[in-house]
Amino acid sequence: MRALVKTAPGTGHVGLVDDWPDPRPAPGWVVVEVIACGLCGTDLHILHDEHKNWPPVVLGHEYVGRIARLGEDVEGFAVGDRVVCEQHTLACGRCDVCRRGAIHLCSHKRSPGWGIDGAFADRVALPAALLHRVPDSVADLAAVTTEPSAICLTGIDRLDLRAGERVAVVGPGPIGLVSALLARHAGAAEVFVVGRSSSAHRIAAAERFGFTTVVSDRVDAVTTILAATGGLGVDAVIETSGAAAALDTAIRVCRSLGRIVCLGIGGQGVDQAGLAEAMTRSLSIHFSMSSEYSTWDRALRLMAAGYDPSPLVRSYPLADWSEAFDDVAARRVIKAVIVPGRAQ
Numbered sequence: 006m007r008a009l010v011k012t013a014p015g016t017g018h019v020g021l022v023d024d025w026p027d028p029r030p031a032p033g034w035v036v037v038e039v040i041a042c043g044l045c046g047t048d049l050h051i052l053h054d055e056h057k058n059w060p061p062v063v064l065g066h067e068y069v070g071r072i073a074r075l076g077e078d079v080e081g082f083a084v085g086d087r088v089v090c091e092q093h094t095l096a097c098g099r100c101d102v103c104r105r106g107a108i109h110l111c112s113h114k115r116s117p118g119w120g121i122d123g124a125f126a127d128r129v130a131l132p133a134a135l136l137h138r139v140p141d142s143v144a145d146l147a148a149v150t151t152e153p154s155a156i157c158l159t160g161i162d163r164l165d166l167r168a169g170e171r172v173a174v175v176g177p178g179p180i181g182l183v184s185a186l187l188a189r190h191a192g193a194a195e196v197f198v199v200g201r202s203s204s205a206h207r208i209a210a211a212e213r214f215g216f217t218t219v220v221s222d223r224v225d226a227v228t229t230i231l232a233a234t235g236g237l238g239v240d241a242v243i244e245t246s247g248a249a250a251a252l253d254t255a256i257r258v259c260r261s262l263g264r265i266v267c268l269g270i271g272g273q274g275v276d277q278a279g280l281a282e283a284m285t286r287s288l289s290i291h292f293s294m295s296s297e298y299s300t301w302d303r304a305l306r307l308m309a310a311g312y313d314p315s316p317l318v319r320s321y322p323l324a325d326w327s328e329a330f331d332d333v334a335a336r337r338v339i340k341a342v343i344v345p346g347r348a349q
């Protein structure tokens with residue numbers, strides 16, 4: 006079968022292989038025919054050897070597909086079922102976080118796409134215990150965003166967002182725009198999306214969705230948002246870029262006793278004055294990593310009820326994977342999705 010493989014350690018060493026071995030389902034596992042697989046920033050980091058990986062390994066970890074084969078002892082699923090799958094394969098089950106039910110935080114797990122073979126391929130083997138069935142009414146190019154949607158829902162849960170509150174999203178990338186959409190579905194009365202002019206394509210998408218946008222290298226984002234909220238600031242902030250300056254902005258636009266959740270990875274060199282301000286105004290700052298089990302089914306139910314992230318998606322044939330990687334790196338697309346077969 007065809008597969009996009011990281012063949013060796015180091016920068017690069019990624020290419021399309023036409024004769025990669027077909028996966029077979031172990032007991033309790035299934036083989037899924039891949040419909041579509043989203044391209045994540047993590048995939049670019051693996052390309053440049055900036056994220057852990059165990060080559061040779063097939064890339065791709067945000068996917069939707071149909072079950073093609075069942076392993077022994079698989080119950081509750083049938084060939085032909087359309088499914089998505091959590092990323093927490095090979096969690097140890099013995100460490101502190103696993104025993105507390107947080108397998109998504111297990112440091113021993115080997116997720117598809119970097120630890121075991123992923124879904125930039127015609128087929129992928131997955132554990133049935135981590136599958137979620139996709140409702141019939143949900144289109145493929147919405148379902149393929151279930152994993153990032155679940156990540157955002159997990160973060161929004163930590164915010165304890167209340168209906169009628171104002172929210173700012175700092176960073177208009179895929180996670181930022183999905184977070185903005187989900188914040189609206191959670192009852193936010195107004196959502197501000199903050200980004201730089203280098204993300205003009207993404208800022209324009211936020212405007213099409215009806216969000217209030219702030220281009221932070223053209224206007225003072227803090228002054229702008231404070232003026233729009235009568236000097237109070239927003240009730241909650243979702244920071245998605247991982248940049249130190251973005252966390253500083255999040256602190257300064259958040260009202261006293263407000264809440265911040267950080268979904269971006271990074272944050273080196275955080276402004277100490279900003280942290281002092283967070284202390285004096287008693288802000289609650291949370292960090293959220295990966296996705297909890299319950300948010301996967303909730304994301305799919307929201308899609309069935311009208312939440313539609315598919316306008317964020319641009320699809321590419323598997324053969325055009327390099328173009329997709331280049332477009333993501335250059336911010337020419339919001340969410341690139343590689344399609345081995347046909348997505349609807």
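Taking our numbering, I'd label the letters of the sequence shown as residues 6 to 349.
For each residue, glycine too, the CB sits at the ideal point set by N, CA and C.
Inter-residue spacing [alpha-carbon to alpha-carbon] between residue i and residue j
i	j	result
P316	G176	18 Å
L49	A334	8 Å
L252	E80	45 Å
K57	T217	37 Å
V37	A205	37 Å
A31	A73	13 Å
Q349	I51	A caution first: Q349 carries a pLDDT of 48, below 50, which makes its placement in the model too unreliable to give a value.
T47	G236	38 Å
S184	L146	17 Å
V84	C157	30 Å
R201	R260	23 Å
Y321	S327	10 Å
E67	A41	8 Å
A341	I161	24 Å
R303	P140	12 Å
G106	L9	33 Å
T12	R264	43 Å
T16	G279	36 Å
A193	L95	37 Å
Candidates the options: closest to residue i by CA position
i	options	result
G169	R7, A188, P179	A188
R213	W326, V22, V198	V198
A310	V174, A191, E55, P30	A191
A211	E282, I339, A144	I339
L262	D240, I161, A193, A329	D240
V242	A173, I343, G70	A173
G120	L305, S221, L64	L64
V69	R207, V143, G17, M6	V143
V224	G215, T254, R104	T254
S221	T234, G33, A250, R104	A250
S116	R104, C103, C90	C90
Neighbourhood of residue i by C-beta, 6 Å cutoff - its chain only, sequence neighbours within 5 removed
i	result
H370	What the structure shows of the chain is the stretch from 6 to 349, and residue 370 is not part of that stretch, so it cannot be assessed.
P345	V39, D127, L323
T229	V219
H93	I108, H109, K114
T159	S293, S296, E297, T300
W25	M6, A8
Residues of its chain near residue i, where Cβ-Cβ distance is below 7 Å and the 5 sequence neighbours each way are ignored
i	result
P14	D54, P60
L307	H190
D313	A147
Beta-carbon proximity list for residue i, same chain, < 8 Å, skipping 5 on both sides
i	result
F82	V35, I72, L75, V88, A133, L136, R138
L231	L237, G238, V258
G33	G76, E77, D78, V79, P132, A133, A134
Per the contact definition of three or more C-beta pairs closer than 8 Å, is the segment 98-118 in contact with the segment 280-295? In this structure the segment 280-295 touches the segment 98-118; the number of beta carbon pairs closer than 8 Å is three or more.
Given 8 Å as the limit, is there contact between the segment 121-137 and the segment 7-23, that is, 3 or more CB pairs closer than that? Taking one beta carbon from each stretch, the segment 121-137 and the segment 7-23 have 3 or more pairs nearer than 8 Å; the two touch.
If we count Cβ pairs, one from each stretch, closer than 8 Å, do we get three or more for the segment 141-157 versus the segment 296-309? With the cut-off at 8 Å, the segment 141-157 and the segment 296-309 touch.
When the Cβ atoms of the segment 278-290 are set against those of the segment 90-100, are three or more pairs found closer than 8 Å? Segments in contact, no.
Let me know the beta strand (DSSP E) ranges lying completely inside the segment 115-139, each 3 residues or longer, listed in chain order. Runs found: 128-132, 136-138.
Any beta strand (DSSP E) of 3 or more consecutive residues that is wholly inside the segment 256-299: For the segment 256-299, whole beta strand (DSSP E) runs of length 3 or above, ordered along the chain, are 259-267, 289-292.
Which runs of the beta strand (DSSP E), 3 residues or longer, sit entirely within the segment 39-99? Counting only runs of 3 or more, we get 67-75, 87-90.
Which runs of the alpha helix (DSSP H), 4 residues or longer, sit entirely within the segment 153-214? Runs found: 179-190, 205-213.
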